[in-house]
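Each remark here refers to the structure printed beneath this line.
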Amino acid sequence: MARMTRRLLANKTLYGVLVIVVAWYVLHFGLRSAAIPSPHETLMNFVMILPGELSLHLLVSLLRITIAIVISLIAGSLIGLWIGMSKKANELISPIVYILYPLPKIAFLPVLMILFGLGNTPKIVLIITIVIFQIIVAVKDGVKEIPKELFYSVQSLGVNKQELYRHLIIPAVLPKMITALRISIGVSISVLFYAENFATTYGIGYFIMDSWIKVNYVEMFSGILALSILGYFLFKLIDIIERKVCRWIW
C-alpha cells in the first residue's frame, strides 16, 4: 500500500487527476444538483462528442491562441531586448509599457470588434494586447539582471554583437521568457473564453456558454473538461520546449 502511494505521488499528473475527480464526486453527491454532473457521465459524453462538434470548437480556440501567442512572443521579445539593451529605448518605451500593462485590456473588446469586425481578428488582437506586455517586461528584466561583469568578460573575448546575443543575452533571458509564456497561456485561455461569448459561433468558450444557456450541464462540463485538457497539453508543450532550450536549469 505504501509503495502504491509513493508511485501515485511520483506520477504527478495521475495524482492531480485523482484529487480533482474525488473532489468532483464529493461535490456531485454532496450537493445533489443537476448543475454538477458526475465525472463518469461527463467523461462518457466528452468521448461521444469529441470527434464531432467539440473537436471543431477546440481547434478554433487553439488556432486563435497559437496565432496570438506566436505574434506576442516574437514582437514582445524584440521590444524587450531593445529596451533592455538600450538606455534611450528604456527611457522612451518603459513608461508607456508600465502605464498600459496594468490596464484591463479586456474592456476594449467592444472597440476591437468595431475596428476589426466580428471574426477571429478582434479576439486574437485582444489576447496579443494582454500577453505581449508580459513578454516585454520578462525579457527586459532578464536582460537587466545579467551582471555587467559577464558583459565585460564576453566582450574581452572579442565576440561580435551577434555572438553576444547568442551566447549570453538570449540564454540569460530564455528562462524568464518561458515563465512569462507559461503564465500567458493561462491568461490567454481565460481571455479567449470571455471573448468567445460575443459575436461568434465557434470556440470552446462559445460551446460552454451555449450549453449553459440550453441547461445541458453535462455538455457544459464536457466543454470545461476539454478546455482544461487543452491548457494541460499547452503547458506540457512549454515544458518540453524548456527542456530543449534551457537544459542547464533541468
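Sequential numbering of the sequence shown, starting at -7, is according to the numbering used here. Here a beta-carbon is modelled for each residue, glycine too, at the ideal position from N, C-alpha and C.
Contiguous beta strand (DSSP E) assignments of at least 3 residues, all confined to the region 158 to 194: Complete beta strand (DSSP E) runs here, min 3: none at all.
Backbone secondary structure at Leu0 - three-state DSSP: Reliability of the predicted coordinates at Leu0 is poor, the pLDDT of 48 falling under 50, and the value obtained from them is presented with this limitation in mind. In this structure, Leu0 counts as helix in the three-state DSSP scheme.
8 angstroms Cβ cutoff met for Ile161 and Val129: Cβ distance not < 8 angstroms, so Ile161 and Val129 don't count as in contact.
Gly243 in three-state terms, based on DSSP: Nothing about residue 243 can be read from this structure; the chain reaches only from -7 to 242.
Segment contact flag, the region 167 to 181 with the region 25 to 38, C-beta cutoff 8 angstroms, min 3 pairs: Here the region 167 to 181 does not lie against the region 25 to 38, with fewer than 3 beta-carbon pairs under 8 angstroms apart.
Nearest neighbour of Thr5, chosen from Ala26, Pro163, Tyr224 [CA to CA]: Answer by Cα proximity: Tyr224.
Buried versus exposed, by CB contacts within 10 Å (16 or more), Ala172: Classification of Ala172: buried, given that the 10 Å Cβ count is 16 or more.
Rounded C-alpha distance that separates Phe199 from Gly72: Rounded to whole angstroms, Phe199 to Gly72 spans 36 angstroms at the Cα level.
Cut-off 7 angstroms between Cβ atoms - residues of its own chain near Leu166, not counting five sequence neighbours on either side: Around Leu166: Val237, Cys238.
Through-space distance from Gly8 to Ile66, alpha-carbon basis: Computed Cα separation, rounded: 33 angstroms.
Nearest-angstrom Cβ-Cβ length linking Lys115 and Ala187, presumed shorter than 8 angstroms: Rounded, the Cβ-Cβ distance is 4 angstroms, consistent with contact.
Whole runs of the alpha helix (DSSP H) within the region 23 to 58, excluding any shorter than 4 residues: Runs of the alpha helix (DSSP H) lying entirely within the region 23 to 58 and spanning at least 4 residues, in chain order: 31 to 41.
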